[in-house]
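Have a look at the structure below, then the notes.
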Amino acid sequence: MAADIISSIFGDMTPLAAMIFLLIGALIMPAVQMFGKKHTVTWCVALLMVILSFVTDVILLTNDVEATYLGVKLNTYTTLMSMLFLIVLFLVVLVSNVSTETTKNHAGAYYALLFGATLGMLFVASSSSLLTIFVGVELTSISSYALVALKRKDGRASEAAVKYAIIGGMSTALTLYGISMIYGIAGSLEINDLANYVTFNDFTWMFGVGLICMIAGYGFKIAAVPFHMWAPDVYEGAATPVSMFLATGSKKMGLAVFIQVFMAMFIISATAGSIFGLTVQYIFAIIAAITMTVGNVVAIAQPNIKRMLAYSSIAQAGYILIILAVMTPQAEAAGIFHMFTHVFMKGGAFLIVGGLICAGIGEKISDYKGLAKRSPFLAAAMMLFLFSLAGIPPLAGFTSKFFLFASAVGTPGAADGTWIWLAFIAILNSAISLYYYARVVKAMYIEKGETTEKIKIPTIFTVAIVVCLVFVIVLGVYPDLIFGYCEQATEFLL
Amino acid sequence: MIAEFTWLIPFIPMMCFLMIGIFGRKTPEKGGYIAIAGALLSFLIALAISIEYLGSDEFANGIAIESSIRWFEIGDYTLNLGYYVDGLTCVMMLFSSFISTLIFIYSIGYMHDQGERKNRYYAEVSLFLTGMLGLIVSSNFLELFIFWEVMGLCSYLLIGFWSFRHDNGDEASANAASAAKKAFLVTRMGDVCLMGGLFIFLNLFHSLDYSAMFESVEAVAAANPGLFTLALCLMFGGVIGKSAQFPLHDWLPDAMAGPTTVSSLIHAATMVKAGVYLVARGFPLYVQDVNVMLFVAIIGGITAFIAATMALNNMNIKKVLAYSTISQLGYMILSLGAGGYLWALGYEELGALGFFAGCFHMMNHAFFKALLFMGSGSVIHGCGTEDMRLMGGLFKKMKITATTMLFGCLAIAGIPIFSGFWSKDLVIDTAMNAFNNGADGAAIWFLILWLLAVITAFMTAFYMFRMWFMTFMGEPRENAQHCHGESPKTMTTPLIILAGFALVSGLFMFFGLTDMLAFEGEAIDGVEHGIELFTNPFTYMTIILAILGIGIAYMMYVKKTMDPGKFNKNGESWLYIALTKRWWFPDLYNQISWKLGYGVAKGVNYIDRQIVDGTVNGLSSAVVGGGDVMSKVQTGHVQDYSSVVLFGVSVLSVLILVTFALLGGF
Amino acid sequence: MSMILSSLILVPLIGAIIALFMGGSREAYSKYVAIGFSAITLIIATLLMLGIFGDFADLGESFVWIDTSAFIMNYALSVDGLSILMVFLTALLCLLVNVFSLDEHRENNNYFYALIMAMEVGLMGVYMAADYFLFYIMWEVTLIPMYFMISWYGGPRRHYSAIKFFIYTHVASLVMLIGIFAMGYESVAAGGVVDFSFEAIKNGIGAVAVETQSLIFALLFFGFMVKMPSVPFHTWLPDAHTEAPTEGSVLLAGVMLKMGSYGIIRICIEALPEAAAYWQWVIIAIALVSIIYGAYGCIAQTDLKKMVAFSSISHMGMVMLGIGCLSDAGITFAVFQMFAHGLITAMLFMVCGMTGHKVGTREIPLLGGLAGKMPIYATFMMIAFMASLGLPGLVGFWGEFPVIMAFYEFILDNDVIWMLLFCMLSLMLTAGYYLWAMQRTLFGPETKKIDLSKAHDVGHYEFAVLLVLAILVALFGVWPDGALQFIDDYVDLLAFTGVI
Amino acid sequence: MIPMEYFLILAAILFVIGAYGVLTKSNAIVVLMCIELMLNAANINFVTFAAFNYDIAGQAFVIMSISVAAAEVAVGIAILLNAYKLRKTTELDDAKLTSMRW
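Residue numbers (our numbering), protein chains in the order written: chain A, 1 to 494; chain B, 1001 to 1666; chain C, 2001 to 2500; chain D, 3001 to 3102.
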């Protein structure tokens, strides 16, 4: 019903429906700020646009609408991914107005950039050509450089932005070079054609160079080791809502690219067992293993909680990269599901950090001492988010990791064990991660703080945290809520 | 059928234990009377059952009254719970409960000044009695084993009765604690062997019921000779532990740290008798293997001898008695071994004689050893020390004690008419029989054993009288001077009763005891063998040796015409030192237990901390350290980051080529 | 469908939640809430055990929980002779622990009771789960309360011990998780849907090649082995026990370690019998090493609780030995030993933990002559030690004797009679360390190294709890059939299905 | 006709020069310019392939990438400007721009 209304409004452009709201949002936000005077008004309008977009998307998702408009696709996959990005945007926008870190003077530009970045993500999710994907990714990237820098009075933010922009620019160049190589050898930018090419042709050096350059370029987006170096600095320097946006949204977009480009390209040849396909699988397996190990091990050494969360994000990306080694639809579904749970748990953790910064608590783990006394709710929520990240049942992080590791072990009827070593590395990493998550829990619950004064964080933050918390628990005990869609989405890979 | 109530015999002391434990504190003597009543009641029931059994057809036909109920199953094997009454059971339960009753009565006097602790004492002795009586009436080896262990526990508790807050200070309590531990541990070693034997038996016989096992023993032994022998040896290991046989005899002298009544209980009525009883009970099994019987006899002979030697120069009145117990137990085991050996060779009558002699000696020993211990208890009670060097001349002050103890000494020394004479000479006779009839290689062993037994008889007479003389004759020394006279009636009455038994219990063999202690219906003729003793020249030899021993003791310690110092070079001869050091057995045990126990444990602990746990901790610190090191790569220079990216690209390029090549792509 | 089994999980869960929110002024009443709810749980468990609610087979509950294209996971609970004992033990110990801790005054008492109840939830879930997913979740759920229990209420090195416990066992359970996946995948044909219920996987996995089965077995076994724990993966246990509060130790040793052996029987043996036969020698070897090593470890310890912790390793080795025999008797009495050890070790830890509160230290060299000062304490300690060293007439003996009996049959079949020596050695060592410890703590001269003037004997609540345990220890010692009847039913079933 | 390889080699050289500049030049502006070089190297590739493959997509891509590059530089310069305001430097190896590390 609702889907019909949307179709009747947007007509052929239904695939663009959710994006259109964002686009409108991005365009009008500066104007709204100008006329609205009060930044709360700006915030309300922004929130409205996000909600409109989100509702549209959810309606399309739940009604299984399929359409294509000028190469922009609309199917379960695209709507699902869009929903993920919109959830992130929603959470970020929700808290931006009360966060002391985000700019109020340039609220219009801030929201416009957020919308722009999200628009890019949605665009990427709906694309099936390297060209459009490239454009979408750049839209997001460039917006996020600016977003990071938008904490204008903070030297650390501008330093982070410089680093981010330079590494980002170089990655863009690498990507572009890689795409050009692949374009040259395969003669097309459409993923379908590329998949065909890979299936029916032998490995050539040019293709190899292109592939590696692309992996490196997009690896930067998901902060895969060794392209991860920017992430901790940027997450630390940026305003916490922005860090959250990067860690949950921008990184997920990178993973979406990995799924749409590399997985789509190689899944056929991997299933067929060609050596070329297997080589690529191994490459991804190695990257995955290194990424999660480095992420987790280095996270132990971090005294700053935002940096720690950054490294933990790197590790989580490593877990998700398992799906590119395994290359099965089952794995893809698990990966998408893990992205969702990761949004809530990592987002929740960042929200708490952001909220506490508003309340004057520092970013050091040692600043969290005695938090359980000062704010039992925040401490409990933080604990649940962290345990969920560590994969402790019955929280969402466990369930999604359960699916992920399950896919690494094999498929029904064939626990063949090719990637079982990856599963072992992953579980060892899980255990390592427990160490640093538990360190925070220990600080909050067990160590005595200097004061037992109660903490008050903005109500909006609490609302956002509760939303995350609810999903972390609900997705843990009832994953079918989303996992069904994740499985459906895998049908639209090619 | 009163035999149906056999289960009451252990059950009553058990109830007494619980009653005393729960509300004994509130009764007079802190539960002492409950304990006495329980023991007495058990005795009376045992008496009634014995009378009934002895008058029944079963007894006439040489079969046991047996009844059991299913307890539970281990795999395919059903374990039962029941009672088993035959002549041996009757004899055992009668003297155990009777002597225990007397000891409990005696305790009223002896433990009078112990205050609140009496409660614990009476509870524990009741449990002890439960253990012994339960062991006696058990219908299978597992049940026996359970009670066997219960006794082990009780001995632990009772030996350690003064292991804290000892009246004589801290060192004494430390001693008691260590002695209790040693007693339990050493007997436990035997118990573990016994348990091992039971595994094999259970597997071989598919049951541990006496009746079932005795029925099929021949077939089973023939089918699995190796395992059967092993099982017998292991089972005998239990005996060695419990009955303090060589080489596990060392705990018994230490066990003197407990109250004297407890020693009396352990040595006379319970505990150490259990080992002998186990051999007697398992006799049908033992006689299947002639070599095991030889082994048993040898252990018995060596024990008898070694223990007697160590008693020769001991100055502690209770320890002398302890050694004498070990020595006498050696006699019993020797007799059973030799008898079994003969039976196994087919000399059924001689074998039955050996069996009878062993059990008979056990009974006699129970009476006179209870007497001796309680007498020594009376002495200790009177003069407050156990060191004989501080006694002397007590005869005048404690006439009843001295006289009754004299009876005991005469009995143990083997002076005719007294009980010990009959049984001991039958034992020595059995050893001789085994020499005369034994197979070629083994016979010589029995000659040696016979010699050892005879020498032991001489030594026994000597050290017992040495003890008696040192205690009761001569000049009153230090403690004897403040001795406050004879003990109360509760203590002397049991002594007098037991003295009577020490005098006459040997004569039971002429009045039907032989029928009760008949092995497989092979009853020997008590009168015939009694008379035969006096036609045997060796009997006179042992009598003369015993008198000689008494004489030497008299010369040394009363007349002082012989100086003991001359023989031991004033305590410096190696033999004397060896004896005071107990042939270095305690040192050996200590070495073994420290090296094998604590030493290995230290090693294990070191490995555990350093290697096993060290690996875990090392891994974790490696990870944490790795984190520190790797985070240093994050220099903050954006161009370093770029370099890493480009480096990563190059590594990936190499990697993709190598992987492709390894997978066989080229 | 009856909800009896679910109620065993729900009741403590509600208790945990209520206790959790009873902070501030209501904190003092949280203990009564905990006691109330655990008492209800115990009543339900007891009635269940007595068969009031009908046959165990009729009580199973099963709902599809997660339904994806590759897996089906169920919320499935069931009890049988094996689980009912553990369920009963859990319910019993949780109640006893709650009562035991009544006298203790600690900060945030409500959290403490919430943790105990939360642990009960997890334990109940593990012992009743009939689905691997549920089993695993519940398995992990037990970890967190224990972690907090140690790191909040524990001793001086609690942080180290807690995190070690947490990570060590977490790794193990993750390895087990991989085993579960592998087993699930192998149990269906290619392209099929994996039903993670015990029943479905058991039916499916039988047809798989023994090599594959044995690999899966190894993964699962590792997970369980660490939990049990077996040498050489035991080092988390002594640390955890030393630092954990008494109540935590009781639950940890009393019921949590049993999760390991329960898992081995329930999963490794039941579903993968052929693989079990393949690994039999390894299991036996691990068991023997654990027994002996644990016993030697005990001798060297100076901390009473650490000693008891090592003794747990040794005794759980005995369980492993029984399981390794793969025979009717072996498994029956391995289970019995689990039950027996649960009762005994609870007592042991209560007594040894009490030493710390009452006397001020648990270091054996500093103690001595406590029997005079604290006779009731000494009596219970002695009962516990004696039961643990396998004194016949107490429950520990029936966990030891028959297991070795079963092992004897094994060694007889394999003609390695010398292996009996290990068992005998272990029995000796066990007696040795307990007696030595008693000699040094209870007996001998009263210690002067520490101030005994404040030492006091057991309190009323502690006395009641210990008495209940002592009575049970004696009761099942003379009436092992009380527990065996349940196990027999279960083992008969195993034998019937050809597993052993 | 000029062989395709020549173009590709040119592009590759350009790319490497750009990369070298990114790694070595300490001035952020110069680094941004080097990134432009790298982007343009890729653009040359695209154009070449588009020309040789008779495919229009490559050229379209170039148009896109040029605009992307422009946007990137614009934002980059703005960021640098801001950084210069706060930290008074555009030298990348200056301690003021490497404050976040480890």
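Note that beta-carbon positions come from the ideal geometry of N, C-alpha and C, so glycine has one too.
Contact check, residue i vs residue j under 8 Å by CB: the rounded distance?
| i | j | result |
| --- | --- | --- |
| F1356 of chain B | I1136 of chain B | With 8 Å as the limit, F1356 of chain B and I1136 of chain B do not qualify as a contact, their Cβ atoms being about 18 Å apart. |
| S1376 of chain B | L1329 of chain B | Wrong, their Cβ atoms sit about 18 Å apart, outside the cutoff. |
| M263 of chain A | L324 of chain A | 6 Å |
| L481 of chain A | A381 of chain A | Not quite, the Cβ-Cβ distance comes to about 20 Å (not below 8 Å), so this is no contact. |
| G2125 of chain C | M2138 of chain C | 3 Å |
| L94 of chain A | L22 of chain A | So it is not a contact: roughly 16 Å between Cβ atoms. |
| K1242 of chain B | A1274 of chain B | 5 Å |
Could you check whether residue j and residue i sit closer than 7 Å to each other, using their CB atoms as the reference points?
| i | j | result |
| --- | --- | --- |
| G1414 of chain B | A1502 of chain B | no |
| L2219 of chain C | G2179 of chain C | yes |
| V326 of chain A | S407 of chain A | yes |
| S7 of chain A | K73 of chain A | no |
| L1533 of chain B | T1539 of chain B | yes |
| A2275 of chain C | K2202 of chain C | no |
| I2344 of chain C | G2396 of chain C | yes |
| V2250 of chain C | A2309 of chain C | no |
| L3023 of chain D | S1643 of chain B | yes |
| I361 of chain A | I305 of chain A | no |
| T76 of chain A | A489 of chain A | yes |
In whole angstroms, what is the alpha-carbon distance linking residue i and residue j?
| i | j | result |
| --- | --- | --- |
| Q2301 of chain C | L2366 of chain C | 13 Å |
| D1587 of chain B | F1360 of chain B | 35 Å |
| M2438 of chain C | F1161 of chain B | 13 Å |
| W419 of chain A | E190 of chain A | 30 Å |
| T1027 of chain B | I1012 of chain B | 18 Å |
| I3063 of chain D | E2211 of chain C | 60 Å |
| I410 of chain A | V1616 of chain B | First, the amino acid is wrong: residue 410 of chain A is Gly here, not Ile. Roughly 30 Å between the two C-alpha positions. |
| S2002 of chain C | L211 of chain A | 59 Å |
Quick one: what's residue i bridged to in DSSP?
| i | result |
| --- | --- |
| R1070 of chain B | B:N1080 |
| D2303 of chain C | C:E2363 |
| N3027 of chain D | D:E3091 |
Give the residues of chain F in contact with residue i, contact being defined as C-beta atoms less than 7 Å apart.
| i | result |
| --- | --- |
| A3051 of chain D | Chain labels in this structure do not include chain F; the protein chains are A, B, C and D. |
### Message
For the region 2147 to 2171 of chain C, list every residue whose C-beta sits within 9 Å of some C-beta in chain A, in sequence order.
### Response
Taking 9 Å as the Cβ-Cβ cut-off against chain A, the residues of the region 2147 to 2171 of chain C that qualify are Y2147, F2148, S2151, W2152, R2158, H2159, A2162, I2163, F2166, I2167, Y2168, H2170, V2171.
#### Entry: Selection of the region 1634 to 1663 of chain B by Cβ proximity to chain D, strictly under 7 Å
Q1634, T1635, G1636, H1637, V1638, Q1639, S1642, S1643, L1646
### Message
Along the region 1590 to 1602 of chain B, where does the CB come closer than 8 Å to a CB of chain C? Name the residues.
### Response
S1593, G1597, Y1598, V1600, A1601, K1602
### Message
If the cut-off is 8 Å on Cβ atoms, which residues from the region 3029 to 3045 of chain D count as contacting chain A, listed in chain order?
### Response
V3031, L3032, I3035, M3038, L3039, A3041, A3042, N3043, N3045
### Query
According to a CB-to-CB cut-off of less than 7 Å, which residues of the region 2408 to 2428 of chain C neighbour chain B?
Y2408, E2409, L2412, L2420, M2424, L2427, M2428
### Contact set between the region 1171 to 1198 of chain B and chain D, restricted to residues whose Cβ is under 9 Å from the partner
none
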